[in-house]
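Encoded as structure tokens, the structure appears first; notes follow it.
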Amino acid sequence: MPELPEVETVVKGLQKQLVNQRIKRVEVITPQLRFPVPPSLKRIFTASHIHDITRRAKYILIHTDKGILLNHLGMTGTWREDVSEKKHDHFKLYLESGKCLVYNDPRRFGYIDYFDPKQSCHWLEHLGPEPLDKKSFNKDYLLSRLKTSRSPIKTFIMNQKNVVGVGNIYASEALFMANINPLRPSDKIKKQEAEALIDSIQKVLRRAIKKGGSTIRDFKSAGGSQGYFQMEFKVYGREGLPCSFCGRPIKQLKIGQRSSFYCSKCQK
DNA sequence: CTCTACCCCTGTCTGC
DNA sequence: TGCAGACAGGGGTAGA
1 MPELPEVETV VKGLQKQLVN QRIKRVEVIT PQLRFPVPPS LKRIFTASHI
51 HDITRRAKYI LIHTDKGILL NHLGMTGTWR EDVSEKKHDH FKLYLESGKC
101 LVYNDPRRFG YIDYFDPKQS CHWLEHLGPE PLDKKSFNKD YLLSRLKTSR
151 SPIKTFIMNQ KNVVGVGNIY ASEALFMANI NPLRPSDKIK KQEAEALIDS
201 IQKVLRRAIK KGGSTIRDFK SAGGSQGYFQ MEFKVYGREG LPCSFCGRPI
251 KQLKIGQRSS FYCSKCQK
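Following the working numbering, the numbering of the first sequence begins with 1 at its first residue and continues without gaps.
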């Protein structure tokens, strides 16, 4: 799915489409996504006013005067502005302006929920810090967390309790940039390496956001355009191709059931 | 508690 | 061509 840069790109697109708009009608086409869409959602958000769209981790938050609509894109969720109907359309927001925003998701790993901003939301509790927030995602924090985990460092940085937004692509890319082997046990990562990892996660994510995310298969922004960061992948999906630094073939293996890519010479 | 394997689902691609 | 199996950007959960 969309990882942090892709979700960020979708949020920027939705901001243009939805901020300061009034929702005229909510249509729930598929009540059962990964989790059930709450039956009360339709009634609550009909005639609500959208005042902001934000992101927390990989969640899209649509702020209205009636509460916050929350959407996770799973692996294949997309938004588009369109009145036509397509296969796997699950949810529609009809605006008073006449526009219609459609949520489409072939695999239905995504979901839609809502919560009252005055109360806590169980989807957002227990999430780690935002990787681009230098105050909370810092060396001391990371070192203290690393000490508690013996799982491979790639699994560690993909765990949203440790740091949010890093998924399968950017985990491989960030570890390559930091010269850290993805299989290294987390509690064996040294202070200097932890600093390098923070740096590389932030660099990779910032660069990817700048390029509008990565488009492999079907990722699209809310405006329907594609991202371009996939042109800059150093290791992801490059099994057998030469490492851009040392020329050795990139290796692929499964770590925690997920495809992982690295250079065995550059990453120790 | 931590960690791993499995599972949700459809579409696409590979190899026989 | 047809078909089986593997695989895909996420992450909740059961059970070790």
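Glycine included, C-beta positions come from ideal geometry on N, C-alpha and C.
Every value quoted in this text rests on a predicted model; they were computed, and no experiment measured them.
| Check | Outcome |
| --- | --- |
| Count Cβ pairs between the stretch 97-110 and the stretch 73-80 that sit closer than 8 Å; are there 3 or more? | yes |
| What do you reckon, are the CB atoms on Val26 and Thr46 nearer than 8 Å? | yes |
| Under 8 Å, with one C-beta from each stretch per pair, do the stretch 77-91 and the stretch 116-126 reach the 3-pair mark? | no |
| Below 8 Å on the Cβ atoms is my contact criterion, and I expect Arg22 with His63 to pass it. Report the Cβ-Cβ distance as a whole number of Å. | With a Cβ gap of about 14 Å, Arg22 and His63 do not count as contacting. |
| I need the DSSP call for Thr54, collapsed to helix, strand or coil. | strand |
| Select from Phe91, Val7 and Ala57 the residue whose C-alpha is nearest the C-alpha of Pro36. | Phe91 |
| What residues match up with Lys254 in a beta bridge as DSSP calls it? | Ser259 |
| Taking all protein chains shown into account, decide if Asp105 is buried (16 or more other Cβ within 10 angstroms of its Cβ) or exposed. | buried |
| Tell me which residue opens and which closes the alpha helix (DSSP H) that Asp89 is part of. | Per DSSP, Asp89 belongs to no alpha helix (DSSP H); it is in the beta strand (DSSP E), Asp89 to Leu95. |
| Just the C-alpha distance for Leu146 and Asp133, rounded to the nearest angstrom, thanks. | 18 Å |
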